[in-house]
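For reference, the structure discussed in these notes is given below.
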Ligand code: DLL
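Numbering (the numbering used here), first residue to last: 8 to 436.
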């Protein structure tokens with residue numbers, strides 16, 4: 008089923024016409040209401056009336072996270088506070104949080120965006136959905152919550168944590184859909200396995216997001232839970248979840264293009280890149296009132312492609328996020344994305360889905376250590392097998408990363424588990 012066929016199967020010409028109209032309105036809206044944008048446009052060569060085609064977007068200035076921090080908390084809001092009905096803040100752990108606001112119409116637009124993504128992930132009114140994202144300032148829980156309610160499902164707003172209780176309620180309530188980060192979903196599955204509860208569950212789909220995960224992680228989640236797992240993408244500064252999501256074909260995330268204009272730029276130069284090239288995603292919301300940012304630099308690295316999808320939707324898709332341009336590790340001059348390491352580890356039999364990446368510098372030399380968990384504790388007593396396994400992982404990592412890593416195998420269930428977004432990299436340089 009397609010939630011909004013008019014927008015999700017629109018032809019490109021009509022879509023671009025609509026995007027241009029909405030872009031023109033948005034630029035005018037911020038120029039008239041947000042002093043920072045008025046000043047930036049006045050200092051540039053472009054005025055709102057100069058936006059005559061979608062190509063003109065490349066002439067607009069970028070917005071970056073520091074702009075939000077510098078105008079903390081409400082300095083970039085384009086409406087008076089009496090029109091703001093909800094405030095969220097980003098999960099940023101350093102510096103000032105970035106604060107985002109929504110008018111009532113923004114919330115309606117957000118729910119619509121979410122409803123589309125939920126339905127394309129296979130969700131429907133018959134579902135009983137457990138939202139295991141942390142409720143609070145994080146946009147994930149309430150964003151998904153509103154969307155599922157709009158679709159008509161029965162929402163269980165359990166939040167994250169207390170994992171055994173999550174599994175008990177899942178069984179007792181007959182939960183059919185799970186919303187969580189992929190890493191928490193994996194941890195929940197481990198707990199369900201230990202409780203021997205999987206056989207009593209009715210779970211059929213997992214609608215995951217808020218962090219990267221590899222195809223190997225998806226395969227494990229699907230196999231161990233016995234579900235179809237899809238992912239969706241978004242960020243607080245733009246709306247929260249709702250920018251893009253996978254349909255059940257699982258080949259790229261459909262972008263809600265009538266609501267969010269997406270570009271790919273070279274992360275170094277900021278120059279736009281053609282379809283299909285890997286670069287930094289830059290997003291301009293097209294229908295927001297309270298906080299419409301122009302050309303927001305997400306730091307997320309992906310590609311956009313427009314080939315038709317078997318599901319019938321005509322919207323452009325973006326590939327799984329390859330990593331964040333600011334999370335990419337440069338080790339001895341080589342670019343390493345944590346997702347490359349995850350892909351290698353999850354293909355090795357006997358190694359579980361939890362791992363840690365530690366980067367240090369000794370005598371001016373970068374060192375990469377990968378700690379991974381054995382799935383079977385009996386191996387701990389078999390020295391030769393441990394040696395062989397370590398060697399195998401090291402060799403596979405070398406092929407993919409082109410550098411040497413120290414591989415440390417640890418006992419089952421000893422590495423940290425996460426109830427929200429996983430933090431697997433420690434860079435001590
Ligand atoms: O994580 C919004 C969200 C909630 C999206 C729930 C999907 C589901 P923030 O906390 O502001 O918002 O973090 C945004 O998380 O820039 C990405 O780096 C990362 N991220 C979000 N979804 C994905 C994904 C929410 N599917 C930041 N794959 C973004 C990879 C993701 N990274």
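All C-beta atoms, glycine included, are put in the ideal place defined by N, C-alpha and C.
None of the values given here were measured: they were computed from a predicted structure.
Asked, Found
"Quick check on residue 391: does DSSP put it in helix, strand or coil?", "helix"
"Shortest alpha-carbon distance to residue 188 belongs to which of 238, 197, 202 and 210?", "238"
"Determine the extent of the beta strand (DSSP E) in which residue 90 is found, giving its start and end residues.", "Neither: residue 90 is in no beta strand (DSSP E) and is coded neither H nor E."
"Cβ-heavy atom distance between residue 240 and the ligand DLL below 7 Å?", "yes"
"Under a Cβ-count criterion, where at least 16 other Cβ atoms within 10 Å of its own Cβ denotes burial, should residue 427 be classed as buried or exposed?", "buried"
"I'd like to know if the region 113-121 and the region 249-263 are in contact, where contact means that at least 3 CB-CB pairs between them fall below 8 Å.", "yes"
"DSSP state of residue 413, grouped into three classes?", "strand"
"Do residue 186 and residue 106 have their CB atoms nearer than 8 Å?", "no"
"Under 7 Å Cβ to Cβ from residue 207, same chain only, skipping five residues before and after it: list those, please.", "178"
"For the putative contact between residue 183 and residue 209, defined by C-beta atoms under 8 Å, what is the C-beta separation to the nearest angstrom?", "5 Å"
"Residue 62: which of 350, 322, 270 and 400 sits nearest, CA to CA?", "270"
"Helix, strand or coil: which one does DSSP assign to residue 251?", "strand"
"Are the CB atoms of residue 165 and residue 198 nearer to each other than 8 Å?", "no"
"Residue 378 and residue 415: beta carbons closer than 8 Å?", "yes"
"Drop a sphere of 10 angstroms on the beta-carbon of residue 24, count the other beta-carbons inside from all chains shown, and report buried for 16 or more, exposed for fewer.", "exposed"
"Residue ranges of each beta strand (DSSP E) run of no fewer than 3 residues wholly in the region 228-289, ordered along the chain?", "235-242, 247-253, 260-262 and 267-272"
"In the DSSP assignment, the alpha helix (DSSP H) including residue 360 goes from what residue to what residue?", "Per DSSP, residue 360 belongs to no alpha helix (DSSP H); it is in the beta strand (DSSP E), 358-369."
"Return yes when the Cβ of residue 146 is within less than 8 Å of the Cβ of residue 350, no when it is not.", "no"
"Note down the Cα distance separating residue 406 from residue 193, rounded to an integer number of angstroms.", "27 Å"
"Within 10 Å of its beta-carbon, does residue 259 have 16 or more other beta-carbons around it, so buried, or fewer, so exposed?", "buried"
"Where do the ends of the alpha helix (DSSP H) carrying residue 196 lie?", "189-201"
"How far does the alpha helix (DSSP H) with residue 34 in it reach, from first residue to last?", "19-40"
"Is residue 147 near the ligand DLL - that is, is its Cβ less than 7 Å away from at least one heavy atom of it?", "yes"
"From the DSSP secondary-structure annotation, give me the bridge partner or partners of residue 434.", "366"
"Can you give me the start and stop residues for the alpha helix (DSSP H) that residue 147 sits inside?", "146-158"
"Does residue 7 pass the burial test, meaning 16 or more other C-beta atoms within 10 Å, or should it be called exposed?", "In the structure as shown, the chain begins at 8 and stops at 436. Residue 7 is therefore absent and cannot be evaluated."
"If you draw a straight line from the C-alpha of residue 79 to the C-alpha of residue 327, how long is it?", "31 Å"
"Thinking C-alpha only, which one of 402, 384, 266 and 391 is nearest residue 22?", "266"
"Below 8 Å on the Cβ atoms is my contact criterion, and I expect residue 228 with residue 216 to pass it. Report the Cβ-Cβ distance as a whole number of Å.", "Contact doesn't hold; Cβ gap of about 13 Å is too wide."
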